[in-house]
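Chemist: Mind looking over this structure? Questions follow.
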Amino acid sequence: FESLSYPFIIMFSIPFAFSGVLMALFFTGTNLNVMSLLGGIMLIGIVVKNGIVLIDYITLCRERGQAVLHSVVTAGRSRLRPVLMTTLTTILGMVPMAVGQGEGAEMWRPLGVAVIGGLTVSTILTLILVPVLYCSFAGVGIRRTRKKIKKDRELNDYYQLHKEKMTKPRKQ
């Protein structure tokens, strides 16, 4: 990614997956156990992938010369379908596990509930939070670049004003 801020933005969305897991377990009355924690670990990969898909496309748009806000909107529109398709296929794959009856269902139910709840919350928040954080971090970078340009300009102006004094040979 060539920047430490992009991985931070992606990692910032992971806690929301776990909040979705806890809410889903609470609302369904399912216990927090090893299988639900395993579902939480599964979520990390999916949430990170969704964030990478968004950040990667935003960065691509920025490299093509688009403004920050336009890049974020373009990436949101363009990558909404892949993110939602990944999320929905995973959720639909977990539905039989979450609502299953029969032998062993009580063991697998927390895994399905955790993944469904975590993905639902984290996908919604990732689609909102990652672009917002990208814009805020890009704003910091833009301000930093402007400050540097201003300092360089002031230094250049000072040099142009005092160039003769600075380049005169000293008398010995």
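For the sequence shown, the working numbering assigns the number -14 to the initial residue and increments by one for each residue that follows. We put the CB at the ideal spot given by N, CA and C, even for glycine.
1) In the structure shown, what three-state DSSP assignment does Glu91 receive?
2) Going by beta carbon distance, what residues of the same chain come within less than 7 Å of Leu23, once the five residues before and after it are set aside?
3) If we count the other Cβ atoms within 10 Å of its Cβ and call it buried at 16 or more, is Phe12 buried or exposed?
4) For Ser21, collect the residues of the same chain with a Cβ closer than 8 Å to its Cβ; drop the 5 residues on either side in sequence, then sort them by chain order.
5) Is it true that the CB of Thr71 sits closer than 8 Å to the CB of Asn35?
6) Could you work out which residue in Tyr119, Leu146, Thr105, Pro81 is closest to Leu(-11) when comparing CA atoms only?
7) Would you call Ala52 buried or exposed, if buried means 16 or more other Cβ atoms sit within 10 Å of its Cβ?
8) Given 8 Å as the limit, is there contact between the stretch -5 to 4 and the stretch 105 to 112, that is, 3 or more CB pairs closer than that?
9) In the structure shown, what three-state DSSP assignment does Gln145 receive?
10) My parser needs the alpha helix (DSSP H) runs of 4 or more residues fully inside the stretch 26 to 91; what are they?
11) Taking Glu17 as part of the alpha helix (DSSP H), name the residues at either end of that continuous run.
12) With respect to the alpha helix (DSSP H) encompassing Ser(-10), which residues constitute its N-terminal and C-terminal limits?
13) Are the beta-carbon atoms of Phe(-3) and Leu114 separated by less than 8 Å?
Modeler: So, from the listed chains and residues:
1) Here residue 91 refers to the residue found at position 106 of the sequence shown. Note: Glu91 maps to helix in three-state DSSP.
2) Within the sequence shown, the letter at position 38 stands for residue 23. Cβ neighbours of Leu23 beyond the five flanking positions: Leu96.
3) Start at 1 with the first residue of the sequence shown, and residue 12 comes out as number 27. Flag for Phe12 reads exposed.
4) Residue numbering aside, residue 21 sits at position 36 when the sequence shown is read from its first letter. Around Ser21: Val6, Leu10, Thr15, Pro95, Leu96, Val98, Ala99.
5) Locating residue 35 in the sequence shown gives position 50, counting from the first residue. Locating residue 71 in the sequence shown gives position 86, counting from the first residue. For Asn35 and Thr71, yes; Cβs fall inside 8 Å.
6) Position 4 of the sequence shown, counted from the start, is the residue given in the question as residue -11. The shortest C-alpha separation from Leu(-11) is found at Tyr119.
7) What you label residue 52 is simply residue 67 of the sequence shown in a count that begins at 1. By the Cβ-count criterion, Ala52 is exposed, with fewer than 16 other Cβ atoms from all chains shown falling within 10 Å of its own Cβ.
8) Yes, they touch.
9) Translated into positions along the sequence shown, residue 145 becomes position 160. Here DSSP, grouped into helix, strand and coil, assigns Gln145 to helix.
10) Segments of the alpha helix (DSSP H) lying fully in the stretch 26 to 91: 53 to 84.
11) The residue you call residue 17 lines up with position 32 of the sequence shown. First, the amino acid is wrong: residue 17 is Leu here, not Glu. Leu17 -> no alpha helix (DSSP H), and no H or E assigned at all.
12) The sequence position of residue -10 within the sequence shown is 5, counting from 1. Element bounds for Ser(-10): -10 to -3.
13) For this step, residue -3 is matched to residue 12 along the sequence shown. For this step, residue 114 is matched to residue 129 along the sequence shown. Their beta carbons are under 8 Å apart, which means Phe(-3) touches Leu114 by this criterion.
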